[in-house]
Amino acid sequence: MGDMTNSDFYTKNQRNETNHAGDFGCTLEELRSLMELRGTEAVVKIKETYGDTEGLCRRLKTSPIEGLPGTAADLDKRKLIFGKNFIPPKKPKTFLQLVWEALQDVTLIILEIAAIISLGLSFYQPPGEGNEGCATAAAGAEDEGEAEAGWIEGAAILLSVICVVLVTAFNDWSKEKQFRGLQSRIEQEQKFTVVRGGQVIQIPVAEIVVGDIAQVKYGDLLPADGIFIQGNDLKIDESSLTGESDQVRKSVDKDPMLLSGTHVMEGSGRMLVTAVGVNSQTGIIFTLLGAGGEEEEKKDKKAKQQDGAAAMEMQPLKSAEGGDGDDKDKKKANMHKKEKSVLQGKLTKLAVQIGKAGLVMSAITVIILVLYFAIETFVINKKQWLPECTPVYVQYFVKFFIIGVTVLVVAVPEGLPLAVTISLAYSVKKMMKDNNLVRHLDACETMGNATAICSDKTGTLTTNRMTVVQAYIGDVYHKEIPDPEAIPAKTLELLVNAIAVNSAYTTKILPPEREGGLPRQVGNKTECGLLGFVLNLKQDYQPIRNLIPEEKLYKVYTFNSVRKSMSTVIKMPDGSFRMYSKGASEIVLKKCSRILNAAGEPRIFRPRDRDEMIKKVIEPMACDGLRTICIGYRDFSSSPEPDWDNENDVLTDLTCICVVGIEDPVRPEVPEAIRKCQKAGITVRMVTGDNINTARAIAIKCGIIHPGEDFLCLEGKEFNRRIRNEKGEIEQERIDKIWPKLRVLARSSPTDKHTLVKGIIDSTQVEQRQVVAVTGDGTNDGPALKKADVGFAMGIAGTDVAKEASDIILTDDNFSSIVKAVMWGRNVYDSISKFLQFQLTVNVVAVIVAFTGACITQDSPLKAVQMLWVNLIMDTFASLALATEPPTESLLLRKPYGRNKPLISRTMMKNILGHAVYQLTLIFTLLFVGEQMFQIDSGRNAPLHSPPSEHYTIIFNTFVMMQLFNEINARKIHGERNVFDGIFRNPIFCTIVLGTFAIQIVIVQFGGKPFSCSPLELDQWMWCIFIGLGELVWGQVIATIPTSRLKFLKEAGRLTEKEEVPEEELNEDVEEIDHAERELRRGQILWFRGLNRIQTQIEVVNTFKSGTSFQGALRRQSSVTSQTQDVTNISSPSHVSLSNALSSPTSTSAAAAGHPRREGIP
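Be aware that the sequence shown starts at 266, since it is given in my numbering, and climbs by one per residue.
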């Protein structure tokens, strides 16, 4: 099908081309074939056909500098001829397809078959109908109701099946719809910069047309194919198209071809758009995929039909061996889906275990019923099997079979996948309001298990509004912005030029949007800070940029993570060259050999001057949490012209103009958010490209580190030195020594970030595998975002590449939104557990009742249709009610569940079994002595097709009432007492409980034959409700029993990894003992701290007495206190661990008292 439409599309376009041949100098086909060429071939082809890129621009009626005129008529015409920049998505599944898929469920198919057989038999009137000799009790009910009652059961079962199917299909459909809405939202938000009518504007990607001049910069995902016409240092990652991981360098004269879907890794420039939408390289691939996908699906369907049932049975079984095998199969089956999340793995496994148990139970039930019937009829009563009796017997057997299937239906928790889906979909919808745009559903739940967050600093922890607050100019260190008069005129002019020219021209400062607001910063925020500095010095950068437009820049060395600096070369009027440079101060200062003095004249700048400057200027700035940027320049003579490609020779011997300290204030809500994370057992680590002092200062402000703790702050170099062996290979055990204490990684490269994330994830040091979340905004963060369990990309500052690699997009770039994500994630997990606790209680009870009832009275007390109703309550409705509980702050007060934490904890197991005992006791009491209690006829041993009895109706009603009240109990799973806490915050829950109650009244009073119910009196109703209410009281009794006593209870639903974790470590009771122990330990620590303080003071006093150098004593004192106040800084070799520094018996005993985290004892 795909091919057809495509070819139609082209023929249509060709028709258009013939009409418009006069309009543009090249056709769609011509441009398509041009874009298929690479490298020098393409350069030759452009030369031969168009002369040069200018020629091509002329033919496409566009100007390389002014861009398209941008008139509506022109744009429409271009869209008509060359196509729109839009790739049509694959068609979604229709509702009917989803219904058909839901019908493929094995248990449902069995039920349908049984129901149809039952229906058929009920309409079949055998000739020997009146034959008394056929069966024992058949005669009792040969009244007029017999014939009409027969078909009702079958029909009712079919109806329930239809209900279940429709609900499932509707859920899938709405999920799909939501997902598409999400995709389109992500796509609409993507904008791209183009030049139209001489103005640089941002337009939605879909609006780009052939002939547009687009500005490409670092981090962009190219939205269309084009030809590179001007720019510098452009490097592209084409792996998404070619699979080659090396970055490709683009230049006008060697390889000007830019392809859609590739990533700009470095540099900037302009391109002429030559192909969009289905005609671009990505579009061509997509259309091939679209056509291919449909053929594949047809093949798949054929294969599926052949081994449908087998596949159905096999699928979950694979996962029973543990997540691994399953994941691999999954990956093969569908590449685009991410592997199963932790929760889904655990659930599949649990569902399979329960399903197997249910299958065994139902098989036994059927066998027992059949044997009982056969022995009673043919052995004890010595009946003959008469041919005319066959239909009657078959009808009995079908009835037994239906009872068996019903047991199975109730046993299999098909509500589990539904609950997960509802819970996730609900959370995702709500998370949108909390500024989390979830791209992969399971990321939401994984976030609840997160144990570590590696966060960027700039923009995530800080506001990303850079302002220069300190400066060192002309030998003077200004603590605030200096007066322009205080700066030598020469220096000022150089400074303004250096900042205006040597920053991306897309970076600007615009007037505030509303009166009294802050000026808007557009583009790179650090550069905005510098431009703001120019404006604060009462100067203007725009006139300089107008004088030296971007086309006139001679050479640009763009900023990248290796250079950590940016330089721009311009040609001076006299033919000589000047290069302006800016970058991280410790890097640029190393390259400076001169510095401008107070008169604005260069003076020699020696290494020892540099060391002094670092001590006196850069470190104080950094300790205030400022980023330090050094600005310099260098003049070159015109002859001989330097070899610009030899960077090492060009980027040295600079003259320093000034060093500025840029402040990026911490977001006000971040310290609180980080405190919440730490309370919730999540370690926050800061990974940044900044100087270590800056990073440490910000980390203290955020509360990532607290003075006096035992932790590490490392620089990237030092980190690499420590984790690599002599050969330079990374060793896991070396990383294991570092990561538990590492809190700040400064001056880190993207590879360091990736190494750290991988190291933490692969670590086997702690018993729980770490689940790591990473935030990133730059292109180079891609690998780390992909490697992490959950990748967060920044919605505002993030590049397209980062967003592609991420699982969740933070639409407000704010760290506190991550905490919300953790809350939602934990909530999903808890919702599933609540649902499980409820569901399994119902399962256990219903199965046992049906089973024993069938064995003792040859008939299940709960009929098939009633069971299906119970199934509907407990599966569909309960999953809706319990899966939509809103999260509370208290979720953040516990430690994360690990990967190996069982779904059903001991406390839950206690609740399930406890409630099951209560329910079974009451139901069996009602079953065997109920008729005496209520003075009614017994419903036991009723013949086939007899009218419904009050006795069994009471049992059914009581059963449902108990489930309803137990649903309220299930709202709490950690053994809390108040189960009503926050119940009105969840309107869905209240609606469902009341709704179920109302329907139950209708079923009992008016259900009649189909539901096997007979109407009850008011006092009988009261008893049912009273017994139901007993559930709440019983819940309190259960909560009183301490879980720690019940060692025999097993947990269930754990994902076994290769290494099994011993039971004890997973106990809930660990948590319970903890509080007391923690207090004890905290007491010990405070005591040792006090002792040490006193010791230090005594030492100082002694020093005074003995009259040894006062300075020395102070120095010792300060070294101790600074270790208390400041972070143990481990980038200096002179670091001494605290316990050695205070080599006194108390401190060693403190270490021996061994607080688990050994919070550095000052």
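For each residue, glycine too, the CB sits at the ideal point set by N, CA and C.
### Message
For A1146 and I1253, which I take to be in contact (beta-carbon distance under 8 Å), what is that distance rounded to the nearest angstrom?
### Response
6 Å
#### Entry: Closest by C-alpha distance to I494, when choosing among S533, E503, R461 and S505
S533
#### Entry: Outcome for W1004 when other beta-carbon atoms lying within 10 angstroms are tallied against a minimum of 16
buried
### Message
Can you tell me whether R961 is buried or exposed? The criterion is at least 16 other CB atoms within 10 Å of its CB, across all chains shown.
### Response
buried
### Task
Quick one: measure Cβ to Cβ for T1218 and C1278, integer angstroms, because I've assumed they're closer than 8 Å.
5 Å
### Cβ-Cβ distance between F1224 and L1127 below 8 Å
A contact, by the Cβ cut-off of 8 Å.
### Message
If you reduce the DSSP assignment to three classes, tell me which class C709 lands in.
### Response
helix
### Task
Taking only the alpha-carbon atoms, compute the straight-line gap between N246 and A717 and give it to the nearest angstrom.
It is not possible to answer for residue 246, since the shown part of the chain is limited to 266 through 1427.
### Task
Report the rounded CA-to-CA distance for K966 versus K698, giving the unit in angstroms.
28 Å
### Query
Could you give the uninterrupted runs of the alpha helix (DSSP H) lying entirely in the segment 759–824, keeping only those of 4 residues or more?
Counting whole runs of 4 or more residues, the segment 759–824 contains the alpha helix (DSSP H) stretches 790–801 and 807–812.
#### Entry: Per-residue DSSP class, three states only, for I330
coil
### Query
Are the beta-carbon atoms of H231 and A754 separated by less than 8 Å?
No answer is possible for residue 231: the residues shown for the chain start at 266 and end at 1427.
### Whole alpha helix (DSSP H) elements within the segment 1011–1075, 4-residue minimum
1015–1027, 1047–1052 and 1065–1070
### Message
Restricting to runs no shorter than 3 residues, where is the beta strand (DSSP E) found entirely within the segment 1069–1143?
### Response
Qualifying beta strand (DSSP E) stretches, in chain order: 1073–1075.
### Query
Beta carbon of N762, beta carbon of M831: below 8 Å?
no
### Query
Counting Cβ pairs closer than 8 Å, one from the segment 868–886 and one from the segment 898–913, do we hit at least three?
Cβ pair count under 8 Å is below three, so no.
### Message
Once DSSP output is grouped into helix, strand and coil, what is the label at V703?
### Response
strand
### Query
When the distance is taken between beta carbons, is R324 closer than 8 Å to G290?
yes
### Task
Indicate the three-state DSSP secondary structure (helix, strand or coil) for N350 in the structure shown.
coil
### Message
Please determine whether the Cβ atom of L979 lies at a distance below 7 Å from any heavy atom of the ligand SAM.
### Response
Among the ligands in the structure shown, none appear at all, so the ligand SAM cannot be discussed.
### Delimiting residues of the beta strand (DSSP E) encompassing T920
L919 to E928
### Query
Between S1081, R940, R932 and D914, which lies nearest to T727 when the distance is taken from Cα to Cα?
The residue among S1081, R940, R932 and D914 with its C-alpha nearest the C-alpha of T727 is R932.
### Task
Can you have a look at V1269 and say buried or exposed, based on whether 16 or more other CB atoms are within 10 angstroms of its CB?
The residue is buried, with at least 16 neighbouring Cβ atoms inside 10 Å.
### Cα-Cα separation between F1142 and V1130, rounded to whole angstroms
17 Å
### Query
Considering only the beta carbon of each residue, do Y691 and T305 sit closer than 8 Å?
no
#### Entry: Through-space distance from Y898 to V787, alpha-carbon basis
25 Å
### Query
Roughly how many angstroms lie between the CA atoms of G1195 and V1114, to the nearest whole one?
15 Å
#### Entry: Straight-line gap, I1097 to L612 (C-alpha atoms, nearest Å)
9 Å
### Query
In the DSSP assignment, what residue or residues form a beta bridge with L1007?
Paired residue(s): L977.
### Query
Hey, is the segment 927–945 in contact with the segment 1063–1082, meaning 3+ C-beta pairs nearer than 8 Å?
Judged by Cβ distances under 8 Å, the segment 927–945 makes contact with the segment 1063–1082, as three or more pairs qualify.
### Query
If you drop the 5 nearest sequence neighbours on each side, which residues of the same chain put their C-beta closer than 6 Å to that of T948?
Closer than 6 Å at the Cβ level, and outside the excluded window around T948, lie A717.
### Message
Output needed for S841: all residues of its chain with C-beta closer than 7 Å, excluding positions within five of it in sequence on either side, in chain order.
### Response
D900, F901, S902 and S903
### Message
If you reduce the DSSP assignment to three classes, tell me which class Q455 lands in.
### Response
coil
### Within 8 Å, strictly: CB atoms of S627 and L673
yes
### Query
What number of angstroms, rounded off, separates the C-alpha of C895 from the C-alpha of G739?
For the pair C895 and G739, the Cα-to-Cα distance works out to about 13 Å.
### the segment 478–498 touching the segment 456–470, judged by at least three CB pairs closer than 8 Å
yes
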